[in-house]
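FYI, the numbering used here numbers position 213 of the sequence shown as 226, with every residue one higher than the one before it. Data first, discussion second: the structure below is written as structure tokens.
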Amino acid sequence: LAGTDYQLYWPYSSDWDGETFPIITFDPGSGIETNYGYMLSISPDGARIVDSVYVDEALAMKRPVWVFNSNSDAAFTPLRAPEPSFFDTYPSTAGRQRRLQLKTFKMLRNYDSWFGGASEFWIRCGSVEGFNATTDAELKLYYPSVTDFMIVVRRRDLGKELPYEAILVSDFTSQLDKLAFLIVEDDGGTRTQWKAEIAVKIQSKTYGVSIDIPYNEKDDIVWRGQLSARFFEEEDVVTGRFGDVVASFELN
Numbered sequence: 014l015a016g017t018d019y020q021l022y023w024p025y026s027s028d029w030d031g032e033t034f035p036i037i038t039f040d041p042g043s044g045i046e047t048n049y050g051y052m053l054s055i056s057p058d059g060a061r062i063v064d065s066v067y068v069d070e071a072l073a074m075k076r077p078v079w080v081f082n083s084n085s086d087a088a089f090t091p092l093r094a095p096e097p098s099f100f101d102t103y104p105s106t107a108g109r110q111r112r113l114q115l116k117t118f119k120m121l122r123n124y125d126s127w128f129g130g131a132s133e134f135w136i137r138c139g140s141v142e143g144f145n146a147t148t149d150a151e152l153k154l155y156y157p158s159v160t161d162f163m164i165v166v167r168r169r170d171l172g173k174e175l176p177y178e179a180i181l182v183s184d185f186t187s188q189l190d191k192l193a194f195l196i197v198e199d200d201g202g203t204r205t206q207w208k209a210e211i212a213v214k215i216q217s218k219t220y221g222v223s224i225d226i227p228y229n230e231k232d233d234i235v236w237r238g239q240l241s242a243r244f245f246e247e248e249d250v251v252t253g254r255f256g257d258v259v260a261s262f263e264l265n
């Protein structure tokens with residue numbers, strides 16, 4: 014297993030009684046919600062007995078089930094919810110650059126069958142960091158960039174608001190008019206790109222800046238589009254629904 018992109022997944026492992034043997038099964042693919050599994054038990058005379066059983070998520074909630082499934086994202090480390098000591102307090106000085114952060118993330122539905130485990134979201138934001146051009150010539154000195162990170166939401170966290178402190182834009186200037194925002198649930202496949210556009214302002218003119226934001230062909234596109242700077246400036250913390258995800262942001 015260590016040398017492949019397969020893993021042993023144990024749903025609802027925190028509910029284990031510490032004694033019951035697991036049922037072993039595998040992800041049948043194609044979104045199927047049931048499969049056969051193999052259950053180990055000990056007879057009164059000490060013999061080990063293996064029986065085949067019908068496995069669904071309801072059974073996995075009642076007793077341990079181990080699932081063999083693929084995990085193409087094994088090399089990536091998901092963003093974790095911060096500990097209380099993680100939060101920093103910054104003085105509100107006028108000279109300090111503003112940062113756009115993802116504050117909370119809530120999943121409204123599971124994107125994979127229970128055999129596939131948790132939902133793995135990639136958050137990608139295209140912007141122009143620290144944009145302060147004053148002339149058309151200076152516009153050429155700036156280049157767009159993409160911030161991306163992965164968030165894993167367990168099935169038991171469906172509908173829960175999960176806290177994060179993830180920086181999307183580290184230097185958000187008043188001349189950044191629109192940024193490109195993409196949320197996908199990872200399902201692998203061939204690498205492709207979303208040809209997006211960012212908007213920046215120089216005095217009274219608005220300029221479009223093209224950027225390619227990557228994703229995989231089999232990914233579920235939860236939401237993609239432009240987000241206006243005015244959206245983030247409406248309140249201290251703004252919340253929006255993006256497909257079947259609710260996210261909140263802070264510009265400080």
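We put the CB at the ideal spot given by N, CA and C, even for glycine. Given the structure is predicted, the values throughout are model-derived calculations rather than measurements.
Where does F128 sit, in a helix, a strand or coil, going by DSSP?
Position 115 of the sequence shown, counting from 1, holds the residue named residue 128. Here F128 sits in helix by DSSP.
Alpha-carbon spacing of T186 relative to L192, whole angstroms
What you label residue 186 is simply residue 173 of the sequence shown in a count that begins at 1. What you label residue 192 is simply residue 179 of the sequence shown in a count that begins at 1. C-alpha separation (whole angstroms): 12 Å.
Extent of the continuous alpha helix (DSSP H) run through F244
Mapped onto the sequence shown, residue 244 falls at position 231. First-last of the alpha helix (DSSP H) with F244: 242-246.
In terms of residue numbering, what span does the beta strand (DSSP E) encompassing D161 cover?
Numbered from 1 along the sequence shown, position 148 holds the residue referred to as residue 161. 158-166 is the extent of the beta strand (DSSP E) around D161.
Under 8 Å between C-beta atoms of I226 and A209:
The residue you call residue 226 lines up with position 213 of the sequence shown. The residue you call residue 209 lines up with position 196 of the sequence shown. A contact, by the Cβ cut-off of 8 Å.
Could you tell me the alpha carbon to alpha carbon distance between S26 and P77, rounded to whole angstroms?
In the sequence shown, counting from the first residue as 1, residue 26 sits at position 13. In the sequence shown, counting from the first residue as 1, residue 77 sits at position 64. Distance between the alpha carbons of S26 and P77: 7 Å.
Whole-number beta carbon distance between V251 and T121, since they are thought to touch under 8 Å
Along the sequence shown, read from residue 1 onward, the residue named residue 121 stands at position 108. Along the sequence shown, read from residue 1 onward, the residue named residue 251 stands at position 238. It should be noted that the sequence gives Leu, not Thr, for residue 121. Contact doesn't hold; Cβ gap of about 18 Å is too wide.
Could you check which residue in N82, F81, I37, M74 has the C-alpha nearest to that of V63?
As a position in the sequence shown, residue 63 is number 50, starting the count at 1. Closest option to V63, Cα to Cα, is I37.
Measure the Cβ-Cβ separation of P157 and V197 and say whether it is below 8 Å.
The residue you call residue 157 lines up with position 144 of the sequence shown. The residue you call residue 197 lines up with position 184 of the sequence shown. No; because the gap between Cβ atoms is not below 8 Å, this pair is not in contact.
Status (buried if at least 16 other CB within 10 Å, exposed otherwise) for P24:
Looking up residue 24 in the sequence shown gives position 11. A residue is called buried when at least 16 other Cβ atoms come within 10 angstroms of its Cβ; P24 meets this threshold and is buried.
Same chain only: Cβ atoms within 6 Å of E263, ignoring 5 sequence neighbours per side
As a first step, residue 263 is located in the sequence shown; it is residue number 250 there, counting from the start. So the qualifying residues of the chain are Q114, K116, V250.
Could you give the first and the last residue of the continuous beta strand (DSSP E) run that contains A212?
Counting from one through the sequence shown, the residue named residue 212 turns up at place 199. Where A212 is concerned, the enclosing beta strand (DSSP E) stretches over 204-215.
Going by the DSSP bridge assignment, what does E263 pair with across the sheet?
Here residue 263 refers to the residue found at position 250 when the sequence shown is read from its first residue. Answer is Q114, V250, bridged to E263.
Cβ contact (3+ pairs, closer than 8 Å) linking the stretch 224-238 and the stretch 144-154:
no
Would you call the stretch 162-181 in contact with the stretch 240-247, where contact means no fewer than 3 C-beta pairs closer than 8 Å?
no
To the nearest angstrom, how far is it from the Cα of I164 to the Cα of D58?
As a position in the sequence shown, residue 164 is number 151, starting the count at 1. As a position in the sequence shown, residue 58 is number 45, starting the count at 1. In this model, I164 and D58 are separated by some 48 Å (Cα to Cα).
When you compare the CB positions of R112 and I180, do they come within less than 8 Å of one another, or not?
Here residue 112 refers to the residue found at position 99 when the sequence shown is read from its first residue. Here residue 180 refers to the residue found at position 167 when the sequence shown is read from its first residue. Taking 8 Å as the Cβ cut-off, R112 and I180 qualify as a contacting pair.
Let me check one thing: in DSSP terms, what residues is S26 bridge-paired to?
On the sequence shown, position 13 is the one that residue 26 refers to. In the DSSP output, where bridge partners are listed per residue, S26 has none listed.
Check the DSSP bridge columns for K191 and list the partner residues they point to.
Locating residue 191 in the sequence shown gives position 178, where the first residue counts as 1. For K191, which the question treats as bridged, DSSP gives the partners A212, S241.
Span separating the alpha-carbon of F255 from that of E230
For the purposes of this step, residue 255 is taken as the residue at position 242 of the sequence shown. For the purposes of this step, residue 230 is taken as the residue at position 217 of the sequence shown. About 20 Å.
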